[in-house]
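So the protein sequences, as listed, match chains E and V. Note that the working numbering numbers the first sequence so that position 396 is 683, with each residue one more than the last. Note that the working numbering numbers the second sequence so that position 238 is 1619, with each residue one more than the last. For every residue, glycine included, the Cβ atom is placed at its ideal position computed from N, Cα and C. Just so it is clear, the structure is predicted and the values come from calculations on it, not from any experiment.
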Amino acid sequence: MSDNNAFVRRVAEQKYEHGFTTDVHTEKIPAGLTEDIVRLISAKKGEPEWLLDFRLKAFRHWQTMKQPTWGHVHVPPIDYQAISYYADPMTKRNNAMGDGKGGIDPEVEKTFEKLGIPLEERLALAGVAVDAIMDSVSVKTTYKDKLKELGIIFMSIGEAVREHPDLVKEYLGSVVPYRDNFFAALNSAVFSDGSFVYIPRGVRCPMELSSYFRINAAGTGQFERTLIIADDDSYVSYLEGCTAPMRDENQLHAAIVEIVVKDRAEVKYSTVQNWYPGDEEGKGGVLNLVTKRGDLRGVDSKLSWTQVETGSAITWKYPSCILRGDGSSAEFYSVALTNNYQEADTGTKMIHMGRNTTSTIISKGISAGHSQNSYRGLVRATSQAKGARNYSSCDSLLLGSNCGAHTFPYMDIRNDSAVVEHEATTSKISEAQLLYCNQRGLSTEDAVGLIVNGYAKEVLQKLPMEFAVEAQKLLSVSLEGSVG
Amino acid sequence: MLEIKNLHAKAGDKEILKGVDLTIRDGEIHALMGTNGAGKSTLSNVIVGNPAYEVTEGTITFNGEDLLAMTPDERANAGIFMSFQMPVEIPGVSMTNFIKAAVNAKRKSRGEEPIKPADFIKMIKEKRQLVEMDQKLMSRSVNEGFSGGEKKRNEIFQMAMLEPTFCILDETDSGLDVDALRIVATGFNKLRTAETSGIIITHYQRLLDYIKPDVVHVLIDGRIVKTGGPDLAQKIEEEGFEFIINNS
């Protein structure tokens, strides 16, 4: 693998030195959401009948639903008819990071620098040299060959529909049905693309399914759809998202992630999200409304969600787990940081159904500026869930006096043998702590960064190493200007 | 050299320092004694730049520079160190990470490269031993769960790592038993160079038996009312502040 990295770096260095350009594609369909548009999307993707059918059912159901309002967030009115529901990947990438003239937006470049994002990734993220890097025979072949040898399927959902239709058909919508909620119905009707992962029986995926996907992240867009299936005795660690700030002319992001875990299999799913959060006055910014769920169907199956959310104007998501299989265990680790006028209402749902299931929830909220940060969690144990155990720890850290931290824990326990523990703390960085750090030569900004990272350590440690380092820097960068 | 001229300072609406004049030359250690509420801690906090205190009049220069124009971290990197009376806890931040950040902040202010890992490890071991500080404390969060003695020794340990030129010991002896006091004082004396200057704030003679001051001041009601040699501290121990108040 190191040969490939050297090659990639050389190509990247050359392009960087001599400046670079991107082709600016502009393929989009007219705005609006009607049955015809859904058919058009399906046709553009060359989808089979059954998938068009899936979309249409979802669309018709969506039309009967109303946008939910119970979140502790102020979602601005969304005109669903003013959004264009299809754009080709190249266009989306250019919009995300481009300066409109074929180069990288200088603000974005500055952030890349601060976050220490490797050169070749910056270029790939900007859609530049993607052909040279990602299509280079050495890089692509190595990845694909290695995975192919093991029987691992890792491709876009679009490709998977063509090459493995039976697999997709069996599992798509089985964890998050289109009826689940308003945004799930919307996504099911107009989803653009996403990842499909299948790990065969007994196979341990040897690499983080991250680096490869991350580079293509910029092109996937607003209605991502991801489906991960871990067959018996398999293992995979998957990383979604990227620390680089991603702008998008489309504000609404309503993704769905479905995960199926079979007997004695384990899936680790990590997210680092830094979508454009809006300006200092809270104008603009991405609305990140996501439904993520894992169905732990197998005996002794395991799933862990790790998320670092620093971006978006509004983050509204509950990566959840259905602990169906006996002995299954789930974890949710989250750091959600809000600054300026951002709002977050995030948490998890742990539904204990099988016997002797366990779940762990560690949530760290950090509020700064005028933001509002809420943890909302549900721990449910059905009457059948003998021996269910849950431990939840929800901490809030407030920076300044104008922000808010809220906790909405729900417990719905219907089995006498269940053990559920919940701890919560709320704290502020004290003046005394800041003075102590200052007196040792640390600027207030560095002090806050140090303290916040110490606070978030327990969660950051769960990320794959390459991302843990970037996530640390991301927390510091996101707090810039929050301490006077 | 630290020069304080006609310093007036308040906390909230209350004026605490009412015209303090004090000059401390390189190599001099001055003891500052006084009744509770006299303003001893206020003075030390104003020197380090605690924003809770507002300077209403007067100047402070440090090696010719206007100290009051500098932020607290700038003052620290210029060479000022305070051993806090009640060192605060910082959960989640390990001692190792904390002191490394501080060491590197100082180096950066001097235009130096960050310290190399091997050198850093060596430095920690050396300085730890000066104050008989347990290795285990380095992986704990800053001051979290430290005993009183461990906290004060940790202050001197940090002083050893940062090599300041001006040190303020703010009631370092409070809450320490006989042995802890000896360790802390001995540590300080080992670190002290011919150029090191500083202020020792204390109520008692004990610490001054170990760290012999060159000058002793008495602060009462926001002003220095008496200045003398080391024997002044002895006299206060024996007769209290009454005689000073009556004779000034």
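Taking each of V:Leu1613, V:Leu1518, V:Thr1477, V:Glu1493 in turn and checking the Cα distance to Ile1502 of chain V, the smallest one comes out for V:Thr1477.
Within the same chain, Cβ atoms closer than 8 Å to the Cβ of Ala1433 of chain V are found at Ala1392, Asn1426, the five residues on either side in sequence being excluded.
Shown here for Gly612 of chain E: same chain residues with a beta carbon closer than 6 Å to its own, the five before and five after excluded, namely Leu583, Arg584, Gly585, Val586, Ser588, Gly641 in chain order. In this structure the segment 618-632 of chain E lies against the segment 648-664 of chain E, because at least three pairs of beta carbons, one per stretch, are closer than 8 Å. Using beta-carbon distances, Lys1533 of chain V does not count as an interface residue toward chain E, since no partner is under 7 Å. Below the 7 Å Cβ cutoff, chain V contributes Asp1454, Ala1482, Ala1483, Ala1486 as neighbours of Leu729 of chain E, in chain order. DSSP places Cys608 of chain E inside the beta strand (DSSP E), whose first and last residues are 607-610. Val706 of chain E counts as exposed, since fewer than 16 other C-beta atoms from the protein chains shown sit within 10 angstroms of its C-beta. The beta carbon of Asn1458 of chain V is closer than 6 Å to those of Lys1487, Ser1490 in its chain, skipping five residues each way along the sequence. Shown here for Ile609 of chain E: same chain residues with a beta carbon closer than 6 Å to its own, the five before and five after excluded, namely Asp582, Ile638 in chain order.
Distance from the CA atom of Ala476 of chain E to the CA atom of Phe510 of chain E, rounded to whole angstroms, is 10 Å. With respect to the 7 Å criterion, Val554 of chain E and Ile546 of chain E are classified as neighbours on the basis of their beta carbons. In this chain, Asn1387 of chain V is not harboured by any alpha helix (DSSP H); it is covered by the beta strand (DSSP E) spanning 1383-1392.
According to the DSSP secondary-structure assignment, Phe483 of chain E is paired through a beta bridge with E:Met442, E:Leu514. Between Lys397 of chain E and the set E:Gly768, E:Ser769, E:Val764, the nearest pair of CA atoms involves E:Val764.
The straight-line gap separating the alpha-carbon atoms of Val1606 of chain V and Gln720 of chain E is approximately 33 Å. CA-CA distance, Ala1575 of chain V to Pro1545 of chain V, rounds to 12 Å.
Annotated as distal: Val1429 of chain V and Ala1390 of chain V, with beta-carbon spacing of 7 Å or more. According to the DSSP assignment, His693 of chain E belongs to no alpha helix (DSSP H) but to the beta strand (DSSP E) extending over 691-700. Nearest CB-CB separation between Ile370 of chain E and chain V: not below the 7 Å threshold. Residues are counted here when their Cβ sits less than 9 Å from a Cβ of chain E; for the segment 1462-1476 of chain V these are Phe1462, Met1463, Phe1465, Met1467, Pro1468, Val1469, Glu1470, Ile1471, Pro1472, Gly1473, Val1474, Ser1475, given in chain order. Across the structure, Phe695 of chain E and His359 of chain E are spaced so that their CA atoms are roughly 10 Å apart. DSSP places Trp337 of chain E within a helical segment (H, G or I) once states are collapsed to three. Between Gly1526 of chain V and Phe1547 of chain V, the C-beta spacing is not below 7 Å. Ranked by how close their Cα comes to the Cα of His1598 of chain V, the residues V:Ala1419, V:Gly1408, V:Lys1395 have V:Ala1419 in first place. The continuous stretches of alpha helix (DSSP H) do not include Cys681 of chain E, which lies in the beta strand (DSSP E) extending over residues 676-685.
In this structure the segment 1507-1516 of chain V does not touch the segment 1391-1407 of chain V; the number of beta carbon pairs closer than 8 Å is below three.
For Phe346 of chain E, the three-state secondary structure derived from DSSP is helix. Neighbours of Tyr723 of chain E in chain V, taken as residues whose beta carbon is under 9 Å from its own, are Phe1465, Pro1468, Val1469, Ile1471, Val1523, Asn1524 in chain order. Cys492 of chain E sits in coil when the DSSP states are folded into three classes, being neither helix nor strand. In this chain, the beta strand (DSSP E) harbouring Ile1397 of chain V covers 1395-1405.
By a beta-carbon distance limit of 8 Å, Leu747 of chain E does not contact Val548 of chain E. Their separation comes to about 24 Å. The beta-carbon distance between Asp519 of chain E and Arg551 of chain E, rounded to whole angstroms, is 6 Å. This is short enough to meet the 8 Å contact definition.
Only residues of its own chain outside the window of five on either side were considered, and among them Thr645, Val706 have a CB closer than 6 Å to the CB of Arg676 of chain E, listed in chain order. Contact between the segment 1563-1570 of chain V and the segment 1580-1591 of chain V is present, with at least three C-beta pairs closer than 8 Å.
Against chain E, a Cβ distance below 8 Å from Val1401 of chain V picks out nothing, because the smallest value is about 20 Å.
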